[in-house]
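Working notes, structure below.
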Amino acid sequence: MLMALNVPVLTIVLLLITAETSAQDYVEEELCDIETKSPCSAKEHEECRPQNAHDKSPLEFTLEGPSVVQLPVDSAQVKVTFPDKGPGQGSVDDDKIVAFKWTQDKGPSIPLGAMNTPILTLDNMVAGSYVFSVQVTDSGGLTSSASARVEIEAERDDPPKAHINECGSKEHTGSLT
């Protein structure tokens, strides 16, 4: 199960100005409507340009990233260590196997579901180290056990990357002068 998190794309227009610009040359109002995601352009916001900056191109700052971020509830990477084929699957007997009994020996507690099967299916696991064991019983009442270790690593969640580029440019590089 994945949870969705809405993240708006934020765009800000910065106008390059000359040294003659003073504080009163600035207009303090938003240049972009983040809710409607309307684009910013120098032409639409001509009234916001400081005096003496009419020949300067605006720079656009964009915080890029998906509008929906999928947050994992379960694992991204799973490492399972089994002896041979796996505890239940590799079980053999000279007569007939009549029962499998799975237990969780280590790790964050999770529901085990169907336990009288050669294969244990697990859901909604969180990052951590787990150990599961299976006890196999044959028709003569004899038993044998085996264990498996499961390592789950949390998914990487790198922060979004901010890019500076010239207005209208699709390149991911830029500079301020």
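Residue numbers (mature numbering (1 follows the signal peptide of the UniProt record, and there is no 0)): -23 to -1, 1 to 154.
Heads up, the beta-carbon is just placed ideally off N, CA and C, and yes, glycines get one too.
Those residues which DSSP pairs with residue i across a bridge
| i | result |
| --- | --- |
| LYS73 | Answer by DSSP bridge pairing: none, since LYS73 is not bridged. |
| ASP82 | Answer is none; ASP82 lacks a bridge partner. |
| THR114 | ALA76 and THR120 |
Local conformation of residue i per DSSP, three classes
| i | result |
| --- | --- |
| VAL103 | coil |
| SER121 | strand |
| VAL(-11) | In this predicted model, VAL(-11) has a pLDDT of only 36, less than 50, meaning its place in the structure is not dependable enough to derive any value. |
| VAL45 | Confidence in VAL45 is poor, its pLDDT being 44 and thus under 50, which makes the residue's placement too unreliable to answer from. |
| ASN93 | coil |
Residue from the options whose Cα sits closest to the Cα of residue i
| i | options | result |
| --- | --- | --- |
| GLY84 | ASP135, ASP72, LYS138 and TYR107 | TYR107 |
| ARG133 | ILE87, ALA104, ASP100 and SER86 | ALA104 |
| MET102 | ILE129, ASP135 and PRO137 | ILE129 |
| SER122 | LEU89, SER86, LYS138 and PRO95 | PRO95 |
| TRP79 | ALA91, ASP115 and VAL127 | ALA91 |
| SER110 | LYS138, LYS73 and THR98 | THR98 |
| ILE74 | ASP135, SER86, ALA131 and GLY118 | GLY118 |
| residue 164 | ASP115, PRO88 and GLN81 | Limits of the chain in this structure are -23 at one end and 154 at the other, which puts residue 164 out of reach. |
| ASP82 | PRO137, ASN93, ARG126 and THR120 | ARG126 |
| ILE87 | ALA76, PRO136, ASP100 and ASP135 | ASP100 |
Test: residue i CB closer than 9 angstroms to a CB of chain B
| i | result |
| --- | --- |
| GLY118 | The structure shown contains no chain B, having only a single protein chain. |
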